[in-house]
Amino acid sequence: MLSHSETFVNEVHQHLCSKGLFGDVAHWCEMRHDCVWVVTCPDCGETFALEEEEYDLLIRRSHDAGESCGVTPLLD
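Residue numbers (this note's numbering): 74 to 149.
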């Protein structure tokens with residue numbers, strides 16, 4: 074059985090890949106290092122807020138799928 078995080082990441086990945094798109098990613102952190110990654114679909118503007126573990130899983134899922142869609146890692 075998939076965890077809630079895995080199910081959510083699958084939904085985000087499927088949303089982007091059903092359109093053959095890469096999502097736009099923004100990384101926001103508060104002073105206390107409470108961070109969130111926001112993935113925005115460039116087609117419809119839907120946004121998905123992910124925690125660090127979910128973002129890392131989405132990166133792996135996008136890479137492992139070998140498709141031209143999903144997300145690419147942010148460069149520091």
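Cβ atoms here follow ideal geometry from the backbone N, Cα and C, with glycine treated the same way.
(request) Identify, in the order they occur along the chain, each residue of the same chain with its Cβ nearer than 6 Å to the Cβ of GLY93, setting aside the five sequence neighbours on each side. (result) CYS142
(message) Tell me the DSSP secondary structure of VAL144 in three-state form.
(response) DSSP places VAL144 outside both helix and strand once states are collapsed to three, so it counts as coil.
(request) Throw me the rounded Cβ distance for the VAL82 and LEU148 pair, which I believe falls under 8 Å. (result) Actually they are not in contact, since the Cβ atoms of VAL82 and LEU148 sit about 21 Å apart, beyond 8 Å.
(request) Note down, in chain order, each residue of its chain lying with its Cβ closer than 7 Å to the Cβ of GLU125, except the 5 sequence neighbours on either side. (result) Non-local C-beta neighbours of GLU125 in its own chain, meaning closer than 7 Å and more than five positions away in sequence, comprise CYS108, ordered along the chain.
(request) Tell me whether HIS106 sits in a helix, a strand or coil according to DSSP, three-state version. (result) coil
(message) I'd like to check one pair, ASP97 with THR113: are the Cβ atoms closer than 7 Å?
(response) yes
(request) Can you check DSSP and say which residues form a bridge with HIS100? (result) For HIS100, which the question treats as bridged, DSSP gives the partners TRP110.
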